[in-house]
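Enquirer: The structure's right below; bear with me while I get my questions together.
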Amino acid sequence: MLISTGQAGAEDWITKGGTPQRMSVVAEPLGLTEITVYWETKPLGESATQPAVVNGVIYHLAGPYLWRLELDQLGRPKGDATAVTDPVKAYKIEFNRPPGGPVIAPQSSPTYSPDSGVLYFGTGYGWLWAYNTREGWYRPAELDLGCPIVGSPLVIHDRGRDIVVVADRPNYPGEEDRPVGRPLCPRSHGKVWVVQGLDRPDDVVRWQNYQAPTTKQA
Numbered sequence: 002m003l004i005s006t007g008q009a010g011a012e013d014w015i016t017k018g019g020t021p022q023r024m025s026v027v028a029e030p031l032g033l034t035e036i037t038v039y040w041e042t043k044p045l046g047e048s049a050t051q052p053a054v055v056n057g058v059i060y061h062l063a064g065p066y067l068w069r070l071e072l073d074q075l076g077r078p079k080g081d082a083t084a085v086t087d088p089v090k091a092y093k094i095e096f097n098r099p100p101g102g103p104v105i106a107p108q109s110s111p112t113y114s115p116d117s118g119v120l121y122f123g124t125g126y127g128w129l130w131a132y133n134t135r136e137g138w139y140r141p142a143e144l145d146l147g148c149p150i151v152g153s154p155l156v157i158h159d160r161g162r163d164i165v166v167v168a169d170r171p172n173y174p175g176e177e178d179r180p181v182g183r184p185l186c187p188r189s190h191g192k193v194w195v196v197q198g199l200d201r202p203d204d205v206v207r208w209q210n211y212q213a214p215t216t217k218q219a
């Protein structure tokens, strides 16, 4: 992960091509935008997501983990990026690994809800996660296993609660066997999911889904 000069938020990052996969980042001058490396982290793992800045902390999904990096008042890192850990068991949480499967690089950039303090993000295997940046708890909505969630979740805060909307897609041709052992999407179309209850650790997670026009690409 690298940071350009000046104040930068997640919306300022430039991704190449605008493809659904978003598999690369522009690191050279582009039009009127001159990109200069201000500082960079150690390699964090494969990713096609953008970071989110929350109260002076950068959160970034890469490899198996959700990483956090604290910044000083000048926007410089205070130390190294560290993976988010379980607050009780103290192990690093592998958000991007499906149950019993391989790590699948994330494609869903996180969205922060300032009202609840929760960071929401999808995974390449189809689950939606919530991570509370203030209290440290985390929980998933176990949606259709194998259908990748792409794009940033949309968060609607209504009557004191978060409603989260995400979209998934079927597997692209050739993606079914990469990485080896990945769970497969059981359908040939995408879905839009409306999820409630993830913003509290003890609430029941509820959802509705709607068929999207997404189809497998030839």
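In this note's numbering, the protein residues as written are 2 to 219.
We put the beta carbon where it would ideally sit given N, CA and C, even for glycine.
1. Please report how far the alpha carbon of Leu144 lies from the alpha carbon of Asn210, in whole angstroms.
2. Thr134 and Gly152 look like a contact to me (Cβ under 8 Å); what is the Cβ gap, rounded to whole Å?
3. Buried or exposed for Thr124, going by 16 or more other Cβ atoms inside 10 Å?
4. Which of the three DSSP states, helix, strand or coil, is assigned to Phe96?
5. Going straight from the alpha carbon of Ile94 to that of Gln212, what length do you get?
6. On the DSSP bridge assignment, give the partners of Val54 in chain order.
7. Taking Cβ positions, are Tyr126 and Pro103 nearer each other than 7 Å?
8. In whole angstroms, what is the alpha-carbon distance linking Leu185 and Gly147?
9. Return yes when the Cβ of Leu129 is within less than 7 Å of the Cβ of Val167, no when it is not.
10. Please list, in chain order, all residues of the same chain as Pro141 whose beta carbon is under 7 Å from its beta carbon, the five residues on each side excluded.
11. Under 8 Å by Cβ, that's how I've got Thr42 and Ala82 pegged, so tell me the actual separation to the nearest angstrom.
12. Near Asp163, which residues of its chain fall below 6 Å by C-beta distance, leaving aside the five closest residues on each side in sequence?
13. Leaving out five residues on either side along the sequence, give the residues of the same chain with a beta carbon under 6 Å from the beta carbon of Val193.
14. Using 10 angstroms around the beta-carbon of Pro149, count the other beta-carbons present and answer buried if the total reaches 16, otherwise exposed.
Expert: The relevant details are as follows:
1. 10 Å
2. Thr134 to Gly152, Cβ: 21 Å. No contact.
3. buried
4. coil
5. So the alpha carbons of these two residues sit roughly 31 Å apart.
6. Per DSSP, Ile59.
7. Note that the C-beta distance between Tyr126 and Pro103 is not below 7 Å.
8. 4 Å
9. yes
10. Trp128, Leu129, Trp130
11. 5 Å
12. Ser114, Ser117, Val156, Asp200
13. Ala168, Tyr211, Ala213
14. With 16 or more other Cβ atoms within 10 Å, it is buried.
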